Amino acid sequence: MPMSELEEEYPKFSPMRRALFCLMIGSFAFSMQGQSKFSKNFQELMAGELDSLTLTEDLPFQQFSGEGWTYFNEHENKANPSGKVAVDRFYPITKKDVIEIRDELIVVLLQEKDSRKIRVASLQADGTPIQSFLLYDHYGYLYEKNFRSYSFHEPYRYDPEHKRFSFYQLIYGYEPLPSLESPTLDPIYYQSFNHLHVDAAGQFVRSEFEASDTYMFSQDVSDLQVHEVAFHELSIQYVSDKNRPESALWPEVFITHGDMESHDSIRIEFALGTEWVDRFFFFQLRHGNQITEVVQRHENILFFPGDGDNCSLDNWKRYRSDWNEVYLEEGIFSLRELSQEERKRFVPYERDELLKAFEKECGPLPESPTFNGVGIPHPDEGIVVTDRIILRIRFEGPAGKGTKYLIFGLPNGC
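According to the working numbering, the sequence shown is numbered sequentially starting from 31.
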């Protein structure tokens, strides 16, 4: 509205009141401009024209009541006394963080900076926060731990068909670390499995399932068996259940070269079908040595499956990943799980190169992938599989610094 019309409409306004009124109109216009900018940026983000976008308002958070929730709620309230989470604590939103797009709202994931915490947030179309919920976090003290997650290596799980998240809420334990005598995990005080979805108003709604076939922790009593692989300076041990032979990564109770020489590497073939993810390994150090670094890498090869007759190019264009740090705490570690993308990586090659390598290793080229109804290896049926995981261990002690390698062979790239 022009100032002349404003004066006619509100003749009793003093110059000061007219100035304040114009300032309010200008602020409102600026706010609308900011909201429109978020919507425009969001469209550009989804179209791949923008790498990321940021929120501008702090986020209120939703909590639920019931058994097992008190400590998590208090912990969150203490960290956010205002009742909102400061927006500058989150990384910018990228396209992969967008979970749902509806007519009136958006559902996104938010990763906190310098923290393990992951939140899910509902936003209005203009970017105004509606609610947020803490999907992933864990904390604890000497006698009690709290854990909210879907699993150890999967912070959350989203089901696009039912438009819901799944997560566990747990209270467990006395000590944070396993041991050779108690290699599973600490006892559970409380465990619930929950589904979370966003209703039409952008509010978070939870459903709890007291009974679940899947558990993050096992409390079964086991007859334990220690397996060891030994170098001169150190050894690595893990524990399996004698009542479940399939739980053994390698069958021998003790693997060693049988002499006192210092070997640089030892290769171990994992048994077929064994689960090496989420397994704890324990270092036993000798002669005053100390671990200084533990890193892991994997190697992929081309594998050609058949029906009882497989073929693999073990020594052709083997893919070798970068070294990745393995988390080590008080001499205990787990192998790093590989993503699906990492499992499929391979070095570039030409078709003619592949055919020559295939003929050399697997024999003459078959005319088709099947012969008399029985599958046979064929160059067009090749897949990339992980052949082995290499663990590099660096240590130092009275004799100086040293490096050892453990090479874990994975059967058929499993």
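Just so it is clear, CB atoms sit at the ideal spot from N, CA and C, and this is done for glycine as well. Please read all numbers here as calculations on a predicted model, not as lab measurements.
Check                                                                                                                      : Outcome
Three-way DSSP call (helix, strand, coil) for H328 in this model                                                           : strand
Beta-carbon separation (whole angstroms), L315 vs V256, contact threshold 8 Å                                              : About 16 Å separates the two Cβ atoms, so there is no contact after all.
Expected contact under 8 Å - CB spacing of V415 and I298 to nearest Å                                                      : Incorrect: roughly 18 Å between the Cβ atoms, too far for contact.
Cβ-based burial, S242 [other Cβ within 10 Å; buried from 16]                                                               : Confidence in S242 is poor, its pLDDT being 44 and thus under 50, which makes the residue's placement unreliable; the coordinate value appears in the next sentence. Classification of S242: exposed, given that the 10 Å Cβ count is below 16.
Alpha-carbon to alpha-carbon, V356 and S181                                                                                : 18 Å
H192 to Q93 span [Cα, whole Å]                                                                                             : 22 Å
Segments of 4+ residues assigned as alpha helix (DSSP H) that fall wholly inside the stretch 100–188                       : 100–109
Segment limits, alpha helix (DSSP H) that includes A387                                                                    : R381 to C392
Beta-carbon contacts of G318 that lie in its chain and below 6 Å, excluding the five residues immediately before and after : G427 and P428
Boundaries (first-last residue) of the alpha helix (DSSP H) holding V372                                                   : The identity of residue 372 in the sequence shown is Glu, whereas the question assumes Val. Segment Q370 to R373, the alpha helix (DSSP H) holding E372.
Inter-residue spacing [alpha-carbon to alpha-carbon] between D410 and T304                                                 : 29 Å
Buried or exposed by the 16-neighbour rule on C-beta atoms within 10 Å, applied to P394                                    : exposed
Cβ-based burial, N224 [other Cβ within 10 Å; buried from 16]                                                               : buried
Candidates S152, W280, L384 and D167: closest to N103 by CA position                                                       : D167
Beta-ladder partner(s) of S270, from DSSP                                                                                  : Q255
For L75, three-class secondary structure by DSSP                                                                           : helix
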